[in-house]
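Remarks on the structure that follows.
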Amino acid sequence: MKVAFIGLGVMGYPMAGHLKNAGMEVCVFNRTTEKAERWCEQYKGDMALSPKAAAEGCAVVLSCVGNDEDVRQVILGDEGALAGMATGSILVDHTTASASLAREINKVAGDLGIGFLDAPVSGGQAGAENAALTVMVGGSQQDYGVAKPVIDAYSKFSKLLGPSGSGQLAKMVNQICIAGIVQGLAEGLSFASKVGLDGEALIETISKGAAGSWQMDNRYKTMLADEYEFGFAVDWMRKDLGIAIEEAKNNGAQLPVATLVDSFYAEVQAMGGGRWDTSSLLARYSRN
Ligand code: NAP
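Per the working numbering, residue 6 is the first one in the sequence shown, and the count goes up by one each step.
And the structure:
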């Protein structure tokens, strides 16, 4: 099968590599050409100089760029992927973006006879490198059925959650849940330090009970060391919470904690921590 991958960032670069390793014919596009050249050298694939050119002749086209505006450029622009895609092909966008944009693209693609799936991912850089991502999908069962074997090349789990936009809505829930959990962990560790509890012994104990979480298991060591260079960046988290908070204005959902935590992340950015990982909520206490 011939596929295209647009956006060779921290996530897209290894994701596209897994497609090539799975035996697919892969053509990549990246805005910064050197990265595409490096990818081609490493994986022995092809590259194109526009999303449109990369998408030509492909059964499935995948993208993973930054935000809504970036998705508009690589998908809807004159040189965007849709301009090169044939009727009957399928576009899968792995960017974390708004549900309204997903529905808009679905409409434009549908009018051209092209399938569209919004399919944001969870699992971070390690998940992308180890082909262990979780993929939240919105779109039709038929398109998902065709794209799933491609998505399987870099994921450990994917699920169709409803019509167009549902993948993005699920990712918003994912980020809302993470925000509250990380803030709780930061407050707990700050409290522990104030009262002189041994952090290692404390986590060894409470992680076995109802307070345990992925964040606790994977981030407590670096948080105790006041180090924040280990994963999903604060700048990205603010983008994602902004999307969720905006969506909540439309659907009437209450997000008091996510909104507060978003303001805490703004403080972390003001401390110079835009590229720190999301557990840096603790730095608001440890470094102030
Ligand atoms: P990244 O490393 O910053 O890469 C972004 C990619 O998009 C780069 O290839 C960049 O090209 C390209 N791009 C951005 N704007 C563009 C534009 N206007 N036109 C063309 N190409 C453009 O980002 P990432 O970490 O891979 O994240 C990608 C998406 O996945 C984001 O939506 C993010 O929220 C989501 N995500 C990330 C993680 C994570 O842990 N990193 C986890 C889950 C979800 P250049 O190389 O030219 O800059």
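We put the CB at the ideal spot given by N, CA and C, even for glycine.
A quick note: this is a predicted structure, and the numbers were derived from the prediction, not measured.
Limits of the beta strand (DSSP E) - the one that residue i falls within
{"i": "Asp157", "result": "Careful: Asp157 lies outside any beta strand (DSSP E) and carries neither H nor E."}
{"i": "Ser68", "result": "65-68"}
{"i": "Ala53", "result": "Per DSSP, Ala53 belongs to no beta strand (DSSP E) and is neither H nor E."}
{"i": "Leu81", "result": "Looking at the DSSP string, Leu81 is not in any beta strand (DSSP E), and its letter there is neither H nor E."}
{"i": "Gly141", "result": "Reading off the sequence shown, one finds Met at residue 141, where the question assumed Gly. That run of the beta strand (DSSP E) goes 138-142."}
{"i": "Asp98", "result": "95-98"}
Nearest residue (CA-CA) to residue i, options the options
{"i": "Ser68", "options": "Ala184, Phe10, Asp245", "result": "Phe10"}
{"i": "His23", "options": "Thr227, Tyr159, Gly150, Gln78", "result": "Tyr159"}
{"i": "Arg224", "options": "Ser94, Gly189, His99, Ala59", "result": "Gly189"}
{"i": "Val155", "options": "Tyr290, Glu272, Val31, Ser284", "result": "Val31"}
{"i": "Leu194", "options": "Phe162, Glu209, Lys57, Met242", "result": "Glu209"}
{"i": "Asn26", "options": "Gly82, Gln130, Asp157, Asp123", "result": "Asp157"}
{"i": "Glu74", "options": "Lys254, Val262, Lys244, Leu260", "result": "Lys244"}
{"i": "Asp203", "options": "Lys7, Val273, Leu229", "result": "Leu229"}
{"i": "Ala64", "options": "Glu272, Ala152, Ala275, Lys164", "result": "Ala152"}
{"i": "Ala184", "options": "Tyr18, Ser284, Met52, Asp83", "result": "Ser284"}
{"i": "Pro125", "options": "Ala131, Val142, Gly247, Ala136", "result": "Val142"}
{"i": "Lys161", "options": "Gly129, Gln173, Ala191", "result": "Gly129"}
{"i": "Leu174", "options": "Ile250, Leu265, Leu54", "result": "Ile250"}
{"i": "Tyr18", "options": "Met29, Met6, Lys7, Gln47", "result": "Gln47"}
{"i": "Glu84", "options": "Ala91, Leu54, Cys182", "result": "Leu54"}
{"i": "Gly277", "options": "Ala258, Asn293, Gly150", "result": "Asn293"}
{"i": "Ala136", "options": "Ser163, Asp116, Leu117", "result": "Ser163"}
{"i": "Tyr270", "options": "Leu246, Lys254, Leu260", "result": "Leu246"}
{"i": "Cys182", "options": "Gly201, Val266, Thr37, Asp116", "result": "Val266"}
Local conformation of residue i per DSSP, three classes
{"i": "Asp148", "result": "helix"}
{"i": "Ala216", "result": "coil"}
{"i": "Asp116", "result": "helix"}
{"i": "Gly247", "result": "helix"}
{"i": "Thr264", "result": "helix"}
{"i": "Ser105", "result": "helix"}
{"i": "Asp222", "result": "helix"}
{"i": "Lys254", "result": "helix"}
{"i": "Met29", "result": "coil"}
{"i": "Leu165", "result": "strand"}
{"i": "Thr227", "result": "helix"}
{"i": "Ala131", "result": "helix"}
{"i": "Gly277", "result": "coil"}
{"i": "Gly204", "result": "helix"}
{"i": "Gly89", "result": "helix"}
Own chain residues within Cβ distance below 6 angstroms of residue i, not counting five before or after
{"i": "Pro207", "result": "Here the sequence assigns Leu to residue 207, which means Pro is not the residue at that position. Result list for Leu207: Ala197, in chain order."}
{"i": "Phe235", "result": "Thr227, Asp282"}
{"i": "Arg280", "result": "Ala238"}
{"i": "Ser127", "result": "Thr139, Asn179"}
{"i": "Asp148", "result": "Ile95, Gly120, Leu122"}
{"i": "Ser169", "result": "Ala107, Arg108, Asn111, Gly143, Gly144"}
{"i": "Gly132", "result": "Leu138"}
{"i": "Tyr290", "result": "Ser195"}
Span of the alpha helix (DSSP H), counted from its first residue to its last, around residue i
{"i": "Leu24", "result": "17-26"}
{"i": "Asp75", "result": "73-76"}
{"i": "Phe237", "result": "Note, Phe237: premise wrong, no alpha helix (DSSP H); not H, not E."}
{"i": "Met177", "result": "171-199"}
{"i": "Ala58", "result": "56-60"}
{"i": "Ala288", "result": "288-291"}
{"i": "Leu13", "result": "That residue, Leu13, is in no alpha helix (DSSP H); it is neither H nor E in DSSP."}
Proximity test, residue i beta-carbon vs the ligand SAM heavy atom, cut-off 8 angstroms
{"i": "Gln220", "result": "For the ligand SAM, the structure offers nothing, since it holds only the ligand NAP."}
Closer than 9 angstroms to chain D by CB, residue i
{"i": "Ala131", "result": "As a matter of chain content, chain D is missing from the structure shown, which is built from one protein chain."}
Own chain partners of residue i with C-beta closer than 8 angstroms, once the 5 adjacent residues on each side are dropped
{"i": "Gly217", "result": "Ile211"}
{"i": "Val76", "result": "Ser68, Val70, Asp98, Thr100, Ala102, Leu106, Ile110"}
{"i": "Ile86", "result": "Just to set this straight, residue 86 is Ala in the shown sequence, not Ile. For Ala86, where only same-chain residues beyond five positions count, the Cβ hits under 8 angstroms are Ala9, Ile11, Pro56, Lys57, Ala59, Ala60, Val66, Ser68, Val79, Ile80, Leu96."}
{"i": "Asp222", "result": "Ser212"}
{"i": "Gln146", "result": "Leu165"}
{"i": "Gln274", "result": "Val239, Asp240, Arg243"}
{"i": "Lys49", "result": "Lys25"}
Own chain partners of residue i with C-beta closer than 7 angstroms, once the 5 adjacent residues on each side are dropped
{"i": "Leu13", "result": "Ala21, Val33, Asn35, Lys40, Ala41, Trp44"}
{"i": "Gly167", "result": "Gly143"}
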